[in-house]
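Structure, as C-alpha cells:
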Amino acid sequence: MAVPPMHSGPKRADSSQPSSRGTWGSKLGFILAAAGSAVGLGNVWRFPYVTGSNGGGAFVMVYLLCIVLVGLPIIVAEVLIGRATQRSPVAAFRALSRRGGPWMLVGWLGVAAGFVILSFYTVVSGWSVYYAYRAFFGGFTNLGASEINHMFDALVADHTRNLGLHALFMAACIGIVISGVRSGIERWSRILMPALFLMLISLAIYGCFLPGWRKAFDFMFAFRFSQLNASAILEAMGQAFFSLSLGMGAMITYGSYLSKETGVLGAATSVVALDTFVALLSSLVIFPVIFSFGMAPSSGPGLVFKSLPLAFAQMPGGYVVAICFFSLLVFAALTSAVSLLEVVSSTFIDLYGWSRQKATLFTGCVAFAFGIPSALSGKGFFLTWFKSHLSMSYFDLMDNLASNWMLPLGGLATAVFAGWFFRADHRDREFLVATKSTFRLPWLYLVRFLAPIAVFVVLLNYTGILAKIQHLMR
Ligand code: PHE
C-alpha cells in the first residue's frame, strides 16, 4: 500500500523532520500527559456540580454512555490524526487533506478554541490556587456559612488579586511548556498525576467513613428513570467533550508526539478510563461531605468553592482534607492548562518554525492579555456592560463560546474527517498498529454515524432550532 503524500506548503517549516519536535519517553508518558490534559477542573469542579444540578444517577448513566459512544471514538480519531502526521492540528489537517483548504480551518478553529479556553481557564485555576493557599494557612477553620460565602464573592470581585493569580498560573504553564515535551510536560505529568491519584483515593477512602456516604452513593448510581430529560442528555454530552479535552486538537497534538509503534485504541482507552475514574471518584469525595453536612447537591458552580469549604470547616481532620482537596484541584488544572498552551504554541512551532521558547512565551503572554477581561469579570465594566448588552459577563461569554460552540463544532468536524475524508487505506493501517482488527469496524461506525449525529443534535439544541422543531411538532 502506498503511503499518501504529505501535502506541505512551499518552504513551510512543518516539512522539517517531525522527530525534531520532541516525543514522549514512553506509552505511559503519553497516557499520563493526555490524562493530565483530560483530568482538570472539568472533572473535579464541573462534573460534580452538573451531576448535582441534574439529580444524580440518571445523569451519570447518560454521561457514561456519551463517554463510550461519542467521546472514545472521537479521542481515538484525534490521537490517530496526530500520530499519523506527527504534527499539531493545523499542519496535521493540511498534511492529510488533498488541498489543505477547508480542513485546515478545523485546525485553526481548534487553536482558537484552545486560546480562548486558556484565557479563562487560568482565572478559575487561580481561584483554586487561592483556596489551596487559604486551606494551608487554616483559612476555613472557625468560619461560618456567611463568611465562607463572602470569601468567594470577595475573591471574584477583587481585581488585583485575580490579575495576580491569573499571571502566576500562566507563568507556571509557560515554565512547564517551555521546557519541552519530554522534560517539561511529561516530567510534570509524571509527578503531578500520581500525586493527584494518591490524594483523590485517600480522600475517597476518608469519604467512605462519613455518615453521608451511602446517600451519596445512591445519589450517584441509583438510576431513576423519571429524571431523564432532553436537557440532561445534552448537558451530559457537552460535559463529556469538555472533560475529555475533545474538539480542539489537544489530543491531536499529544498524539503527534506518540511513537509510531504505540496502538492508538489502547492508549486512548486508558486516557478515557482515567478521566472517567477521576470524575466519578471526585463526586464520591464531594457528595458524602455535602450529604453528611446536610447541604444541597444542587448548589451549582459554588459547590466546590462555597459548600465544600464550609463542610471542611466543621469536619474532623478538615484542615488536612481541605489542603489535599484544593492541591488536587490545582494539580488537575495545571496539567490541563499546559495542554491548552501546548496546542497553540506547537502550531507556531510547526507552521512557522518558531523556537519553542519564542512560541511559548508569545502565546502565553497573548493569552494572558486576552484573559485580563475574564479576570476582571467579577465586578465593574466586564460584568455590568456585558451583562446588560449580552446577558452574560465577559468570562461567561468566553466559556460559552468555546465550550458550547467551538468544541462541539471541532469534534463534529474531526469525526466527519476521520470517518469520511481520511484516506481509507492510510487510516486503517494507522488504526491497526498494535490493535486487533475486530475493533476497526465498530470504531468506524461510531465515528462515521453515531458520534457526528449525536454532536449535531447538541449543536442544534444550542441554536434553539431543536426547541422550535419540538414546538412545531406539538
Ligand atoms: N479537559 C479539561 C478539564 O476537564 C479542560 C480542557 C478542555 C483541556 C479542552 C484542554 C482542552 O478541565
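The opening position of the sequence shown corresponds to residue 66 in the working numbering, with each subsequent residue numbered one higher.
Don't be surprised by glycine CBs; every beta carbon is placed ideally from N, CA and C.
Any heavy atom of the ligand MN closer than 6 Å to the Cβ of Leu129?
-> For the structure depicted, the ligand MN is absent and the ligand set comprises only the ligand PHE.
Nearest neighbour of Tyr527, chosen from Ala402, Asn465 and Leu130 [CA to CA] | As a position in the sequence shown, residue 527 is number 462, starting the count at 1. Comparing alpha carbon positions, the residue from Ala402, Asn465 and Leu130 closest to Tyr527 is Asn465.
Assuming Ala480 and Val512 form a contact by the criterion Cβ under 8 Å, report the distance between their Cβ atoms to the nearest whole angstrom.
-> In the sequence shown, counting from the first residue as 1, residue 480 sits at position 415. In the sequence shown, counting from the first residue as 1, residue 512 sits at position 447. Confirmed, Cβ separation roughly 5 Å.
Does the beta carbon of Gly383 fall short of 6 Å from some heavy atom of the ligand PHE?
-> Taking the first residue of the sequence shown as 1, we reach residue 383 at position 318. No, the ligand PHE has no heavy atom inside 6 Å of this Cβ.
For the alpha helix (DSSP H) that Lys533 lies in, which residues bound it at each end?
-> For the purposes of this step, residue 533 is taken as residue 468 along the sequence shown, with counting starting at 1. Unbroken alpha helix (DSSP H) run through Lys533: Ile530 to Met538.
Is DSSP giving Phe521 helix, strand or coil here?
-> For this step, residue 521 is matched to residue 456 along the sequence shown. It is helical.
Taking DSSP as the reference, what is the three-state secondary structure of Val188?
-> Taking the first residue of the sequence shown as position 1, residue 188 is located at position 123. DSSP places Val188 in helix when its eight states are reduced to three.
Closer than 6 Å: Leu323 CB and nearest the ligand PHE heavy atom = Along the sequence shown, one-based indexing puts residue 323 at 258. No, the ligand PHE has no heavy atom inside 6 Å of this Cβ.
Close beta carbons around Phe112, own chain, < 7 Å, minus the five adjacent residues each side = Position 47 of the sequence shown, counting from 1, holds the residue named residue 112. Contacts found: Gln304, Ser308, Ala344, Ser347 and Ser348.
Please name the residue, chosen from Gly367, Ala142 and Phe288, that lies closest to Val329 on a Cα-to-Cα basis.
-> Position 264 of the sequence shown holds residue 329. For Val329, the nearest C-alpha among the options comes from Ala142.
From Phe447 to Ile437, what distance separates their C-alpha atoms?
-> To locate residue 447, count along the sequence shown from 1; it is residue 382. To locate residue 437, count along the sequence shown from 1; it is residue 372. Spanning the two alpha carbons is a distance of roughly 10 Å.
Contact belief for Tyr319 with Ala99 at Cβ below 8 Å, rounded distance in angstroms = On the sequence shown, position 254 is the one that residue 319 refers to. On the sequence shown, position 34 is the one that residue 99 refers to. Taking the Cβ atoms as the reference, Tyr319 lies roughly 5 Å from Ala99, within the contact range of under 8 Å.
So is Arg494 buried or exposed if we call it buried at 16+ other beta carbons inside 10 Å?
-> Taking the sequence shown and counting its residues from 1, one reaches residue 494 at position 429. Its Cβ having fewer than 16 others within 10 Å, Arg494 is exposed.
Where are the beta strand (DSSP E) runs, 3 residues long or more, that stay fully inside the segment 428 to 499, in chain order?
-> none
Do you know how far the Cα of Cys238 is from the Cα of Val283?
-> If you number the sequence shown from 1, residue 283 lands on position 218. If you number the sequence shown from 1, residue 238 lands on position 173. First, the amino acid is wrong: residue 283 is Asp here, not Val. Taking the CA atoms as reference points, Asp283 sits about 38 Å from Cys238.
Just the C-alpha distance for Leu594 and Ile250, rounded to the nearest angstrom, thanks.
-> Shown here, the chain extends from 66 to 539; a query on residue 594 therefore has no answer.
Glu326, enclosing alpha helix (DSSP H) - first and last residue | Along the sequence shown, read from residue 1 onward, the residue named residue 326 stands at position 261. Element bounds for Glu326: n/a, residue is neither H nor E.
Using the beta-carbon count (16 or more within 10 Å), is Gly529 buried or exposed?
-> As a working mapping, residue 529 is identified with position 464 in the sequence shown. So Gly529 ends up on the exposed side.
Going by the C-beta, is Gly105 closer than 6 Å to any heavy atom of the ligand PHE?
-> One-based indexing of the sequence shown puts residue 105 at position 40. Result yes, Cβ under 6 Å from the ligand PHE.
Just tell me which of Gly209, Val135 and Leu129 has its CA closest to the CA of Pro371.
-> Numbered from its first residue, the sequence shown carries residue 371 at position 306. Sequence check: residue 371 is Lys here, not Pro. For the residues Gly209, Val135 and Leu129, the minimum Cα distance to Lys371 belongs to Gly209.
Buried or exposed: Cys131, going by 16 or more other Cβ atoms within 10 Å of its Cβ?
-> Within the sequence shown, residue 131 is the residue found at index 66, counting from 1. Label assigned to Cys131: buried.
Helix or strand or just coil, what does DSSP make of Asn227?
-> Position 162 of the sequence shown holds residue 227. DSSP places Asn227 in helix when its eight states are reduced to three.
When the Cα of Gly117 is compared with those of Ile317, Ala378 and Met285, which residue comes out closest?
-> Taking the first residue of the sequence shown as position 1, residue 117 is located at position 52. The closest CA to that of Gly117, considering only Ile317, Ala378 and Met285, is found on Met285.
Return yes when at least one heavy atom of the ligand PHE lies under 6 Å from the C-beta of Asn469, else no.
-> One-based indexing of the sequence shown puts residue 469 at position 404. Outside the cutoff, so no.
Between Ala200 and Ala387, is the Cβ-Cβ spacing less than 7 Å?
-> Reading the sequence shown from its first residue, position 135 is the one you call residue 200. Reading the sequence shown from its first residue, position 322 is the one you call residue 387. Against a cut-off of 7 Å, the Cβ pair of Ala387 and Ala200 comes out as a contact.
Enumerated in chain order, which unbroken segments of the beta strand (DSSP E) with a length of 3 residues or greater are wholly contained in the segment 306 to 379?
-> none
Beta carbon of Ser401: closer than 6 Å to some heavy atom of the ligand PHE?
-> The count along the sequence shown starts at 1 and reaches residue 401 at position 336. Yes; taking the cut-off as 6 Å, the Cβ of Ser401 has a heavy atom of the ligand PHE nearer than that.
Taking buried to mean at least 16 other C-beta atoms within 10 Å of its own C-beta, is Arg159 buried or exposed?
-> Within the sequence shown, the letter at position 94 stands for residue 159. Classification for Arg159: buried.
In three-state DSSP terms, what is Ser73?
-> To locate residue 73, count along the sequence shown from 1; it is residue 8. Since pLDDT at Ser73 reaches only 41, below the 50 mark, its modelled position is unreliable, and the value read off the structure follows with that caveat. Residue state for Ser73 is assigned as coil, using DSSP reduced to three classes.
Given a cut-off of 7 Å, decide if Phe377 and Phe205 are closer than it, judged by their beta-carbon atoms.
-> The residue labelled residue 205 in the question sits at position 140 within the sequence shown. The residue labelled residue 377 in the question sits at position 312 within the sequence shown. The answer is yes: Cβ separation under 7 Å.
Val385 versus Ser267 - alpha carbon distance = As a first step, residue 385 must be located in the sequence shown, where it is residue number 320. As a first step, residue 267 must be located in the sequence shown, where it is residue number 202. About 11 Å.
Please classify Ser392: is it buried, with 16 or more other beta-carbons within 10 angstroms of its beta-carbon, or exposed?
-> Here residue 392 refers to the residue found at position 327 of the sequence shown. Burial state of Ser392 is buried, judged by a 10 Å Cβ sphere holding 16 or more other Cβ atoms.
Classification of Gln151 by the beta-carbon crowding that lies within 10 angstroms, buried from 16 upward | Counting from 1 along the sequence shown, the entry for residue 151 is found at position 86. Buried is the label assigned to Gln151, since at least 16 other Cβ atoms lie within 10 Å of its Cβ.
So, Ala424 versus Ile414, is the Cβ gap smaller than 7 Å?
-> For the purposes of this step, residue 424 is taken as the residue at position 359 of the sequence shown. For the purposes of this step, residue 414 is taken as the residue at position 349 of the sequence shown. The answer is yes: Cβ separation under 7 Å.
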